[in-house]
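Following: one structure in structure tokens, then a few remarks.
There are 2 protein chains.
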Amino acid sequence: MHSKSIAVVGATGAVGAVTMRLLRERGHENVRAFASSRSAGRELDGGILVEEATPEALEAAGVDLALFSVGTSASRELVPHAVRGGAVAVDKSSAYRLEPGVPLVVPEVNGARVHEHDGIVANPNCCTIPLTCVLGPLHEAAGLTRVRVSTYQAVSGKGAQRLEQLLAEAPADHDLSMDWSWEGDETDEESKIRAETRKILELPELPISATTVRVPVPVGHAESVWIELEEPLSPEQAAAILAAAPSVQLVDVPTPRAAAQTDDVLVGRIRPDYAAGGNALTLFLACDNLNKGAALNAIQIAELLLGDRVAARC
Amino acid sequence: MHSKSIAVVGATGAVGAVTMRLLRERGHENVRAFASSRSAGRELDGGILVEEATPEALEAAGVDLALFSVGTSASRELVPHAVRGGAVAVDKSSAYRLEPGVPLVVPEVNGARVHEHDGIVANPNCCTIPLTCVLGPLHEAAGLTRVRVSTYQAVSGKGAQRLEQLLAEAPADHDLSMDWSWEGDETDEESKIRAETRKILELPELPISATTVRVPVPVGHAESVWIELEEPLSPEQAAAILAAAPSVQLVDVPTPRAAAQTDDVLVGRIRPDYAAGGNALTLFLACDNLNKGAALNAIQIAELLLGDRVAARC
């Protein structure tokens, strides 16, 4: 069904495994898998043999697209080789997200930017993707003026190994954590949410304040969001706008577990922000951090680049 | 050491058990335990035999103080009988918190109000207590104008049974939830946080917006808080004020588990609210919901009523 060739780099990680599954489910047949030397030689579902992700191998691969789900430093090292080899790279790390000339794309929000690339398209942070899916349509309707967000992030966001650790842990030991890198008084996750949301929405001065927290949940990120707007927008109007927005699904109470069973961003608890003077809303969202928060968004970018469908329902 | 007699009603529940332990640790020797008929007759640590909490038994108990950790409807039924019997009731349920003439007390914040009772003193919600321990000193310094809070609440807040369920659960099944009652578009927990904070701080119009979430952590509530102020207050000034505040302990990253090992409210991540124009801070707090968030606060109220110490360090 799809003739173009795709390489998945980091195919055996938490997001890479979901990427491989989604590509198969969406009918992409010409897929090659790359990973570190530890996983090279392993056979994946569908009989795909994992190749070692060396700079030389990626440069010689001759694929049309390369989807990277590796760490930031591995992306910095490997992505340029794939591009030199003629591929367009869709990178899920934070290595290139804020570079001028690199489109940072959520297809439902700024899909038109995808073609303005110079070999690399960046996939946003797993919290930024669902946040912009919700903020984008509200901004278009009433103009964002301030955003505050507290996150509830699943441990699978930290990788497959941390997920295994959680599953083996006694619930009596479960705790919240802020297992991020730090940039002054903020976590790198908090500054990513700010900078990436500004870039995607093309609102370079948008005031955003985030507090990012890891919760002992396996899969699914949730976000508690306060939104101030230029113009009045009732909860009912916001709900109607979001109900019509692509990849957004209204529910009473979004939870990570419910989100992990869908491709959509679940949104609920839409109500006035009772702390604000007016023109302000509060809502709660949840999204599968491995799926729409990472793998699916990157595949949607890839499909836009291939001139293909974005998702069945869009 | 303490000669006055104290009844603990609901002595075998999650909070009641902590209340019994803390009373023992703090040298209260004249303590009687009451619980439902299911637990009556059981022998607790220290050889205390659980008596059945009937209206008649409480009215005839002849105790000086009765600390209630039972549900709201049981409090409504039983508290008046203890008061009729001559006791001052310290009630941990939400039954009397907002009643005019019933002091709602966090000893560190409005301890002076404790004596203005007519037989009943109410203990606030487990999220309101740590929140007001932090907001009180900041309000005194710079005047609160708006408060927004997202909670991360431990399952033990839902009772001993829900805690056992969590401990028996596979971590793969862990999820967030909003297992509260609903009042229109808010949870009862959200409206309690607003109404109780206003009453304790004596700011009846303070704009507060809360989103309350249950997280799969056994003990310890955390809160992500945005605070807008009348006057400028730098994070350094706020930290100095909070470092000097009773029952508050500054840490880099407060977590429920660390809070469960102390009597204090842990506060950290104090930084400017980058979404606000100025005079606004963001911070994160954690507190043992069974201890300072419930049992300890009620015992501190009891000790104020007994003309006793509040806590060793206050």
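Going line by line, the protein sequences match chains D and P.
The first sequence: position 39 = 39 (my numbering), numbered continuously.
The second sequence: position 71 = 385 (my numbering), numbered continuously.
Beta carbons: idealized from backbone N, C-alpha and C, even for Gly.
- Within chain D, no C-beta atom comes less than 8 Å from the C-beta of P/R335; the nearest is roughly 18 Å away.
- Contact of P/R398 with chain D by beta-carbon distance below 9 Å is absent, the smallest such distance being about 39 Å.
- With respect to P/P532, P/A468 sits close: the two C-beta atoms are nearer than 8 Å.
- Of the candidates P/V384, P/A482, P/S464, P/K513, P/S464 places its Cα closest to the Cα of P/T501.
- D/A243 and D/Q249 have their C-alpha atoms spaced approximately 6 Å apart.
- In this structure, DSSP gives P/R356 a state outside helix and strand, which the three-state scheme calls coil.
- Using a CB distance cut-off of 8 Å, D/R257 counts as an interface residue toward chain P.
- Close to chain D, meaning a Cβ-Cβ distance shorter than 8 Å, is no residue of the segment 416-439 of chain P at all.
- Taking CB atoms only, P/D602 has no neighbour in chain D less than 8 Å away.
- The three-state reading of DSSP puts P/C441 in coil, since its state is none of H, G, I, E or B.
- Contact annotation, D/H81 with D/E116: C-beta distance approximately 22 Å; criterion of less than 8 Å not satisfied.
- P/R427 and D/P107 have their C-alpha atoms roughly 57 Å apart.
- Beta-bridge partners assigned by DSSP to D/D173: none are found.
- If you check the CB distance, D/F284 and D/S224 come in under 8 Å.
- The beta carbons of D/L229 and D/G143 sit closer together than 8 Å.
- Taking C-alpha positions only, P/E366 is separated from P/A349 by approximately 5 Å.
- With its beta carbon less than 8 Å from one in chain D, P/D499 belongs to the interface.
- For the pair of segments examined, the segment 258-266 of chain D was found to touch the segment 290-303 of chain D: the number of CB pairs separated by less than 8 Å reaches three.
- If you compare the alpha carbons of P/A572, P/K318, P/V461 with that of P/A590, the shortest gap goes to P/V461.
- Assignment of beta-bridge partners to D/P272 by DSSP yields D/L281.
- In this structure, the straight-line span from the alpha carbon of D/N125 to that of P/D487 is close to 25 Å.
- With a contact defined as Cβ atoms closer than 8 Å, P/A388 and P/V397 miss out at about 15 Å.
- Among the residues facing chain P, D/E51 is not included, as its CB has no counterpart in that chain under 8 Å away.
- For the options P/F382, P/E617, P/T459, P/P444, the alpha carbon positioned closest to that of P/G592 is the one of P/T459.
- Taken in chain order, the complete beta strand (DSSP E) segments of 3 residues or longer contained in the segment 79-145 of chain D are 88-91, 120-122.
- Judged by their CB atoms, P/E503 and P/C447 are not nearer to each other than the 8 Å cut-off.
- In this structure, D/L163 keeps its C-beta atom at 8 Å or more from the C-beta atom of D/A258.
- The three-state secondary structure of P/I362, taken from DSSP, is coil.
- Taking C-beta separations shorter than 6 Å and ignoring five residues to either side along the sequence, the partners of D/A222 in its chain run Y152, P256, A286, following chain order.
- The Cβ atoms of D/I48 and D/H28 lie no closer than 8 Å to each other.
- In chain order, S191 place their CB closer than 6 Å to the CB of D/E183, counting only its own chain and leaving out the 5 sequence neighbours on each side.
- At a cut-off of 8 Å between beta carbons, D/R214 makes no contact with chain P.
- Within 8 Å of the CB of D/E169, the CB atoms of chain P belong to P485, in sequence order along the chain.
- Beyond the five residues adjoining it in sequence on each side, P/R528 comes within less than 6 Å, by CB distance, of Q467, S491, D493 in the same chain, given in chain order.
- For D/R32, the uninterrupted beta strand (DSSP E) run begins and ends at 31-35, by DSSP.
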